[in-house]
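One structure below.
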Amino acid sequence: MRLSLSPLLLALSSLPFSRSALCVLSWNISYVPPEGLRDISFPINLSRAPHVAGYHFAQRVKFYGQTSVAYAALQPRQDTSSGATVLRGVFTSFINGTTTTDPNCSKGVDDGPGVSCAHDFSGSHADTWDLIMTNTAGTTWAGKAVNYKNGTAFHIGTWTLPKGTGGIQGSQVGFMDYFPWNTNFSMTCADLPPTECTFSPPTTGSSWNGYSVGSISGSVERCENNVDQGPSLNGGWRFAIF
């Protein structure tokens, strides 16, 4: 079933890409308190993603009291010379007035306001990784990647949002994209490297009901003849390019 994507495309208008995303997702969590969620976890599995830079797998959030968004993402990277697999965790706020003292982070995002954090770590593509955003104090948020199977955690970054910003709202969008398209407009859909990923439903421990599991669905926006998609067994959404 194809989603009605007008709201999604509007929500994706601030994506840091010069082309629209290949695939988009819509996620939702119920029973969000008036002050918003204080934590959220986005499980992502990159089982067949190429071991080179290019693909970008992200989930976005919006905070009460703000119009701009933030996101957490995973990016495959080149294997090390010894053959170790490398993933990059990204934790970014597009919100004007965001500050940071974290060495993994820098001010400004795509020539605009905000803060972007990134950290490369050794991690298997075969494992599911939880991208977790947690409110640590006041309006300060931390992002980390946690191996769902063994609990190994990697800190990505920390930033502080402007005073008065609330918690995370109960719905937003995510996306999968191939960022080399930004600089090589001669690329076609046939040039996309094979990949496969599964976005599982988000979870939180700060809903009205305490621990809560959300829902997720997706759609292909570009190269529909090249991308296979559909629900996964765990209630998530899978995209594959062969």
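Residue numbers for the sequence shown, in mature numbering (1 follows the signal peptide of the UniProt record, and there is no 0): -20 to -1, 1 to 222.
Using N, Cα and C, we set each Cβ at its ideal position, and we do this for glycine too.
Put residue i into one of helix, strand or coil per three-state DSSP.
i      : result
C177   : strand
N25    : strand
W7     : strand
W188   : coil
F159   : helix
D171   : helix
C203   : coil
L(-16) : Note that L(-16) scores 33 on pLDDT, short of 50, meaning its location in the model is unreliable and no value can be drawn from it.
Which value, in whole angstroms, describes the spacing of the CA atoms of residue i and residue j?
i    : j    : result
D100 : A125 : 10 Å
Y158 : L2   : 7 Å
Q72  : A50  : In the sequence as displayed, the identity of residue 72 is Thr instead of Gln. Roughly 5 Å between the two C-alpha positions.
Comparing alpha-carbon positions, which option in the options lies nearest residue i?
i           : options                   : result
I9          : E176, C177, W217 and Q152 : Q152
F43         : D19, H36 and V66          : D19
residue 223 : L172, S62, T108 and T81   : Past the edges of the chain, shown from -20 to 222, lies residue 223, and the structure says nothing about it.
Y35         : W121, P174 and E204       : P174
T119        : H105, A106, I75 and D90   : I75
residue 272 : W161, N25, G147 and R202  : No answer is possible for residue 272: the residues shown for the chain start at -20 and end at 222.
What is the C-beta distance between residue i and residue j, in whole angstroms, given that I count them as a contact (C-beta under 8 Å)?
i    : j    : result
Q39  : T145 : That belief does not hold up - the Cβ atoms of Q39 and T145 are roughly 19 Å apart, past 8 Å.
N127 : G154 : Incorrect: roughly 20 Å between the Cβ atoms, too far for contact.
F219 : M156 : 6 Å
G131 : V4   : That pair is no contact at about 30 Å.
N206 : C169 : 5 Å
On the three-pair Cβ rule with 8 Å, is the stretch 187 to 206 touching the stretch 29 to 37? no
Take every Cβ of the stretch 67 to 83, pair it with every Cβ of the stretch 133 to 143, and state whether three or more of those distances are shorter than 8 Å. yes
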